[in-house]
Structures are given as structure tokens and as C-alpha cells.
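Below: the structure, in C-alpha cells.
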């Protein structure tokens, strides 16, 4: 397999995640669309590392480890925020959370 | 040859899993599709000889993130979502257009025009070297990351807890 295959796969996965984040109304689904996008980026890091001229430096796996840790923190905080929003507004529907619009 | 078959099978599973996760009306089914997506991505990491990252992917994403998402769904909306309401937001068409435009006009040309290396060099198992790297040049990053995780944990508890206290105050007032 060439690097191009991996890059196209990861671009496709990123776009699927973007589609979910842009088109769904449920905040939880938007959160896991963002997870899909982060995972696509991780796949890129690993693929570039595997095909790099200096794989001994291990930049790809190290960076991916750090990304995974940050993503885990992001999920924890994001879910806590969603639960807080749900307790306050009684919904996680992003179209109904429009208090700032003042209709 | 085996590698190519494995790649294509995993790629198809990953794309289908992600699509189902994003488009499915039932959120619980969506989370399980998401776990399948994470698992196939872990398989792709193994195919790229990043065995430690594959293990971490399973531990963190399927073990922790998936369960966390399940709990968040059960704590919030009705699970099945079988009512007639739309799943997509009002501007879904423009979201679709933006996604397709980004894929076709931004990502694909960037990949095709880049001067990519063709062959992968043989590499040794990297877990031991990874541990040593984390201790020697990247120890500060590791510590900062630990601090970030702790802060995120405390922040998550505080955010989820604070909302409940606010609600109790409101119900006391009324």
C-alpha cells in the first residue's frame, strides 16, 4: 500500500466527521463526529511516520499519543458541558439552544 | 497481497462505521458503529506497524471514550429517537456542500500534488524506543499532558456538578 491510499482514506474519514459535525442537531453526535475527525488526523500522523525517511525518530507515534491524550480530555470536558447544558435547558438539540439570538 | 486485502477490508469497515455513526437516528447504535470504526482504525495502526498506538487506541477509545459517550447519551436525550423530528439541522444542505467542496477541491488535490515517498522502510518494534523517548527528550511534554488530564478531570466534574447546584438554587427560589 502506498502512502496515498492512507491519506485518501484519512481525508475521507475526516470529511465524514465534518459532515456529521455540520449537519446533525444532537450535541452528542457532533462530539463524536469531532472524535472521528481527530482519529483521521491520527491515521495521517502514523502513515506519514511509517513512510518517512527517518522512522527511528518516532515522531508519528509520539505525536499520536499526545493527540489521543488531548482528545480524551476533550471528550471528558465536552460531555460534562453537554450534561450541564442538558440540566439547564432540558435539551441537547443544538437548534433550540439559541438564547443569544433573542427572538 | 495479504496486506492489501487487509487494508481494503479495514478501510471499508472504517468508512462504513463512521458513516453509520454520523447518520444513524438511534444514538446507541451510532455509538456502537463508532466503536467498530475505532477498532478498524486500530487495525490500520497495526498494519502500519504502530503496535503500541493500536493498543492505546483500543484502551482509550473503545474502553473509555465509547463508554463515556454511552453514559452521556443515557443521561440526556431519549435514546431511541423514533419521533418524527428531523435528525439534521436546518442548514444541512450547505454543510453537505461545504464537506464535498473541501474534499474534492482542497484535500484530494493536496494529496495528489504532494511529492510523497513511495516505499516504506522496514522498521523494528518500537515500544521500547517509544518509552525511552518519552523519558528522555519528551518528559516535560509528558508531565504537561498529565497536568492537562488532571485539570480536565477536575474541570469535567466541576462543570457537571455546578449545573446541578444552580438548579437546586433555582428550585429553592421558586
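Residue numbers (my numbering), protein chains in the order written: chain P, 30 to 132; chain C, 179 to 352.
Ideal placement from N, C-alpha and C gives every residue a C-beta, glycine not left out.
Anticipated Cβ contact below 8 Å, residue i with residue j, distance rounded
i	j	result
residue 222/C	residue 188/C	5 Å
residue 80/P	residue 295/C	5 Å
residue 231/C	residue 214/C	Actually they are not in contact, since the Cβ atoms of residue 231/C and residue 214/C sit about 18 Å apart, beyond 8 Å.
residue 61/P	residue 247/C	6 Å
residue 308/C	residue 98/P	With 8 Å as the limit, residue 308/C and residue 98/P do not qualify as a contact, their Cβ atoms being about 14 Å apart.
residue 234/C	residue 94/P	7 Å
residue 56/P	residue 121/P	4 Å
residue 111/P	residue 250/C	6 Å
residue 32/P	residue 76/P	6 Å
residue 63/P	residue 199/C	Wrong, their Cβ atoms sit about 12 Å apart, outside the cutoff.
residue 274/C	residue 48/P	7 Å
residue 292/C	residue 106/P	Actually they are not in contact, since the Cβ atoms of residue 292/C and residue 106/P sit about 34 Å apart, beyond 8 Å.
residue 239/C	residue 91/P	Wrong, their Cβ atoms sit about 18 Å apart, outside the cutoff.
residue 320/C	residue 312/C	5 Å
residue 34/P	residue 281/C	Incorrect: roughly 16 Å between the Cβ atoms, too far for contact.
Identity of the residues DSSP links to residue i by a beta bridge
i	result
residue 55/P	122/P
Option in the options with minimal Cα separation from residue i
i	options	result
residue 338/C	108/P, 96/P and 120/P	108/P
residue 53/P	123/P, 128/P, 93/P and 127/P	123/P
residue 216/C	279/C, 241/C and 273/C	241/C
residue 277/C	32/P, 68/P and 41/P	41/P
residue 211/C	301/C, 249/C, 194/C and 239/C	194/C
residue 300/C	47/P, 67/P and 84/P	84/P
residue 30/P	218/C, 333/C and 225/C	225/C
residue 82/P	298/C, 335/C, 304/C and 317/C	298/C
residue 303/C	220/C, 227/C, 183/C and 186/C	227/C
residue 218/C	38/P, 91/P and 116/P	38/P
residue 201/C	282/C, 270/C, 184/C and 313/C	270/C
residue 329/C	58/P, 36/P, 90/P and 101/P	101/P
residue 78/P	125/P, 36/P and 128/P	36/P
residue 72/P	96/P, 58/P and 51/P	96/P
residue 267/C	86/P, 117/P and 59/P	59/P
residue 86/P	336/C, 203/C, 306/C and 332/C	306/C
residue 265/C	310/C, 244/C, 203/C and 279/C	203/C
Delimiting residues of the alpha helix (DSSP H) encompassing residue i
i	result
residue 201/C	180 to 201
residue 279/C	270 to 279
residue 305/C	305 to 313
residue 290/C	286 to 291
Report the residue ranges of all beta strand (DSSP E) runs contained in full by the region 215 to 267 of chain C; include only those spanning at least 3 residues, in chain order. none
Complete runs of the alpha helix (DSSP H) confined to the region 69 to 127 of chain P [at least 4 residues]: 88 to 118
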